[in-house]
Each structure stands twice: as C-alpha cells, then as structure tokens.
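K.L.:
One structure is given below, represented as structure tokens, and several questions about it will come after.
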Amino acid sequence: MTPPDLDLLSRREFSRLVSLLTRRLGTHHLAVAEDAVQEAFGAAVRVWGTQTPPRNPGAWLYQAAWRRAIDHLRRESPNIPLDDWTADPAAPSRDPLAETADAELQLILLCCHPSLSPDSQVALTLRVAAGFSIPEIARLLGAADDAIDQRLLRARRRLRARTDLLEYPDTDLRRRGLVALDVIYAMFSEGYASATAPLGLRRELCAEALRLALGLSNHPDTKSGEAQALVALCAFQASRLDRRFDDHGGFRSLRHQDRSEWDASLIALGFRSLGGSTGGTLSRFHLEAEIAACHAAAGRYEDTDWHRIVELYDLLVGRWARPTLLLSRAVALGERDGPAAGLAALLATADAIGHTPLFFAAIADAMERLGDHDGARHRYQEALALAPAPAIARVLEARLAALPG
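What follows is the structure, given as structure tokens:
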C-alpha cells in the first residue's frame, strides 16, 4: 500500500484533529491538543515509512494524538483523575474526522476570543484552525517569523488561563464570527494564489475555506450578510479554479479561460448567496463578490461590464486602499478606458502597490498593448525574477518569447 502524502494530509486534517481533541479535553487545553497532533504526525513519518500504512490514516492519527495528549496531561497534573479522558476515543475502523464540522467552527470562534488582540486572533486562527506554518502566517501578516511565534505563545498563555472560553453572549459570538470571516478569506486567498505551492494553487485550502464560510453563514448565531457575501465571493472564484491552468501547468488569465468549463453549480451558489447577503452592513466581501459576479455573468471576456467593475473598485479603494485592490482597479481601468489609462493608474500608485511580480506583469501587459515592446520586455523580466510559482513563471516566459524582436 502506498504511504499517504503526509504533507497533504497535514494540511487537510491538522485543524480537524485539533478541533476534536480540544472539544474532548476542554478549550483551556488548546496548546496540549496542538502539541499532541504535531507529535502524532511526527510519529506517522517514522512509522509509516517502515510499516504498512493504515487503511484509515485519519483514525490512526487521531488515536496517536489522543494518547500523546493524555501523556501531556499526566505529566502536567499527575494528581488530577483522567478517567473521563482515557476511554477509547475511536474504534480503529471508524473515522472520527467525519463528524467535526461543529468542532472546527467552535475552534475558530475560540481563537477569535475578544481577550486577544486582533492580530493575535488572526494569527492563532490561521495556525490552529487552518494549519498554516509560522512562515506562511508571517508572510500573510507582513511580520517576522519570531514575532509571529511570540504572538502565538502569548495568545495560548492567555487562553490557557480561561475556563469559560466558549461561554459568551450572542453579541460576542457575532463579533467573533466577523473576525473569523477575515481569517477564512485569508485561507481562501492563500489557496487561490499560493506563493508556496508548485502550481500557485492549493485546492484543498480553497475547499476548506468555502466549507467554513458556509458553516458560519448557516450557524444561527453567526449568520450575517457579510458571511453570505463571503460565501458568494469564494464560490464565484472557486468556480473557475481549475480553468486557471492549462494542461502543461501554465497559468491562464481571465481573458484566456473557457467560461463554458466554469463550475455552474458554484456560480449558482454564488448568485444565491449574494442575493441573500443584503440588508446589513456593506462589507468589502459584498463589493468583491459583486465584482466576481460581473465576471461570472459575462458569457465572454469581451462582454465583461468593466464600467461596473471600476465603480465597485472605486468604492473598495475608497474604504480599504489595499495594494492588491489598487492593482486590480488599475487593470480594470485599463480594460475600460484603454491601456494608456491603465498604465497611468499603475504608475501613479506604484509606491502604494509595491514592486511585486503582478505589478510588473500588469505594466508589461499595458506596454505591450501600447506597442512598447522593449519596455514590456524589461518589465516582464522584472516580473519573472520575482515570480512566486513555476506556473506564473511559465506564463511570463511565454509572454517574453512572444514579443517581437
């Protein structure tokens, strides 16, 4: 039997295992659950490489983590009875991970406890509920690895001192749910355009983020227009996930995707969720979902309503002037008003956007459309030097090779 892909298994199941153990041990033992799951994966590396791998890797990992958690608790508090914790957690033939949806949402809401700072809430949720590594969290939050490590340590200590972590009024639960939406979108964004995955894509992370967003939008205490809008946004973007790459692993832009191959069921989910998101606070998820809806509604790239998209980006950058939004607005402006207008917008906001591969690629595209092939070549080369994934690099190389001269 071929050993399971432990890296993929870890990304899929780390948070689920932590959720199960935390629910069983108590929320104040979150750190114990984390350590036990990490040790279980370490044991799997050693054991599965020399023995026949288990038929049910999830159940094996759960039981291994459970035993290690009990060992931790015995060492920490040898005088406390552990009778309630030492029963067999799951029969070997049963997969305990199939019943974890509520536990995972509970874990996310725990990590968004209001006693933690907003930065700590996001970092802890990404680490515990999404299974992100320290370097991945540091990159997403623009901080050093050591700073993230210390932030997580302080958050765990604060939570460990509480025994009422999941006893909160409905208003507090709603507030936690809104913080959780930001974290879930960060998960989806990393999966949709990963800087670490070989193809720049982590499908399992996108699927998990969409599932969690649906869970929050359906939960009676956390459902909101913002949650519905996030479901819509993730569904629209996920509908074209697999069409973003060709058969050779090269990246396809929206202009070059076959829209008949987009996932119609996800598009339908997007429109239903967007329609149900009205009546509350207008969030960035609403505006970004509307932009995604404009793309989903266009049968061809040429039919895209760029006027509406620019209007939506104007609203977005007026409230949240983030580099990625400024870049996307400039590109949309170039589609509406022509490449010269797009190039001018890019150059005008260069300092705010930052010198990233997407920034240089957008400038190169505008220059190429304007006939400045030497300028485009230089910018494509700058983008290529910074390309985060091979799939993006292959596209840039192809664009370079296609330039005249």
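First residue of the sequence shown? That's 4 in the working numbering, and the numbers climb one at a time after it.
Positions of the beta carbon are idealized from the N, C-alpha and C atoms, including for glycine.
Predicted, not measured: the structure shown is a model, and the values here were computed from it.
Where does the unbroken alpha helix (DSSP H) through Pro-223 begin, and where does it stop?
P.N.:
Careful: Pro-223 lies outside any alpha helix (DSSP H) and carries neither H nor E.
K.L.:
Can you give the Cα-Cα distance for Arg-336 and Gly-357, rounded to whole angstroms?
P.N.:
Sequence inspection shows Leu at residue 336; the Arg mentioned does not correspond to that position. Approximately 18 Å between the Cα atoms of the pair.
K.L.:
Tell me where the alpha helix (DSSP H) around Ser-268 begins and ends.
P.N.:
267-278 is the span of the alpha helix (DSSP H), which, as asked, contains Ser-268.
K.L.:
Mind checking whether Phe-239 and Ala-299 have CB atoms under 8 Å apart?
P.N.:
Yes. Within cutoff.
K.L.:
Measure the Cβ-Cβ separation of Gly-3 and Gly-228 and say whether it is below 8 Å.
P.N.:
In the structure as shown, the chain starts at 4 and stops at 408, and residue 3 therefore has no counterpart that could be examined.
K.L.:
Is the distance from the Cβ of Gln-231 to the Cβ of Ser-263 below 8 Å?
P.N.:
Contact: no.
K.L.:
Can you tell me whether DSSP reads Phe-363 as helix, strand or coil?
P.N.:
In this structure, Phe-363 counts as helix in the three-state DSSP scheme.
K.L.:
State the start and end residues of the unbroken alpha helix (DSSP H) segment that holds Cys-297.
P.N.:
It spans 287-300 - the alpha helix (DSSP H) in which Cys-297 sits, taken as one unbroken run.
K.L.:
Contact between the region 399-408 and the region 372-379: three or more CB pairs below 8 Å?
P.N.:
With the cut-off at 8 Å, the region 399-408 and the region 372-379 touch.
K.L.:
Straight-line CA distance for Leu-213 to Ala-241?
P.N.:
Their backbone Cα atoms lie some 9 Å apart in a straight line.
K.L.:
May I ask you to verify whether the region 318-337 touches the region 265-273, counting CB pairs closer than 8 Å and requiring at least 3?
P.N.:
Verdict: no, contact absent.
K.L.:
Under DSSP, the alpha helix (DSSP H) around His-32 begins and ends at which residues?
P.N.:
Looking at the DSSP string, His-32 is not in any alpha helix (DSSP H), and its letter there is neither H nor E.
K.L.:
For the region 337-387, list the alpha helix (DSSP H) runs that are entirely contained and at least 4 residues long, ordered along the chain.
P.N.:
For the region 337-387, whole alpha helix (DSSP H) runs of length 4 or above, ordered along the chain, are 342-351, 353-356 and 360-372.
K.L.:
Where do the N-terminal and C-terminal ends of the alpha helix (DSSP H) with Ser-123 fall, by residue?
P.N.:
Counting along the chain, the alpha helix (DSSP H) containing Ser-123 begins and ends at 121-131.
K.L.:
Taking Glu-314 as part of the alpha helix (DSSP H), name the residues at either end of that continuous run.
P.N.:
Per DSSP, Glu-314 belongs to the alpha helix (DSSP H) from 309-322.
K.L.:
Looking only at its chain, what residues have a beta carbon closer than 7 Å to the beta carbon of Leu-12, apart from the 5 residues adjacent to it on each side?
P.N.:
The residues are Pro-60.
K.L.:
Hey, how far is the Cα of Ser-80 from the Cα of Gln-66?
P.N.:
The straight-line gap from Cα to Cα measures roughly 21 Å.
K.L.:
If we count the other Cβ atoms within 10 Å of its Cβ and call it buried at 16 or more, is Val-48 buried or exposed?
P.N.:
Looking at its Cβ environment, which holds fewer than 16 other Cβ atoms inside 10 Å, Val-48 is exposed.
K.L.:
Let me know if Thr-55 comes out buried or exposed under the rule of 16 or more other beta-carbons within 10 Å of its beta-carbon.
P.N.:
That one is exposed.
K.L.:
Have a look at Arg-397 and Tyr-383 and give me their C-alpha separation to the nearest angstrom.
P.N.:
Roughly 11 Å between the two C-alpha positions.
K.L.:
Going by beta-carbon coordinates alone, are Leu-28 and Ala-36 separated by less than 8 Å?
P.N.:
The answer is yes: Cβ separation under 8 Å.
K.L.:
In the structure shown, what three-state DSSP assignment does Phe-254 receive?
P.N.:
Strand.
K.L.:
Which same chain residues, not among the five before or five after Cys-114, have their C-beta less than 7 Å away from its C-beta?
P.N.:
Excluding positions up to five away in sequence, the list reads Gln-124, Leu-127, Thr-128, Val-131 and Ala-132.
K.L.:
Is Arg-77 near Glu-42, with beta carbons less than 8 Å apart?
P.N.:
It is not a contact, given that the beta carbons lie outside the stated cut-off.
K.L.:
Can you find the residues in the same chain that come closer than 8 Å, C-beta to C-beta, to Arg-339, ignoring five residues on each side of it along the sequence?
P.N.:
Around Arg-339: Trp-309, His-310, Ile-312 and Val-313.
K.L.:
Around the Cβ of Ala-351, are there at least 16 other Cβ atoms within 10 angstroms (buried) or fewer (exposed)?
P.N.:
Flag for Ala-351 reads exposed.
K.L.:
Can the beta-carbon of Trp-265 be found closer than 8 Å to that of Arg-243?
P.N.:
The answer is yes: Cβ separation under 8 Å.
K.L.:
Would you call Pro-2 buried or exposed, if buried means 16 or more other Cβ atoms sit within 10 Å of its Cβ?
P.N.:
Nothing about residue 2 can be read from this structure; the chain reaches only from 4 to 408.
K.L.:
Near Arg-159, which residues of its chain fall below 7 Å by C-beta distance, leaving aside the five closest residues on each side in sequence?
P.N.:
Correct list, in chain order: Leu-33 and Ala-34.
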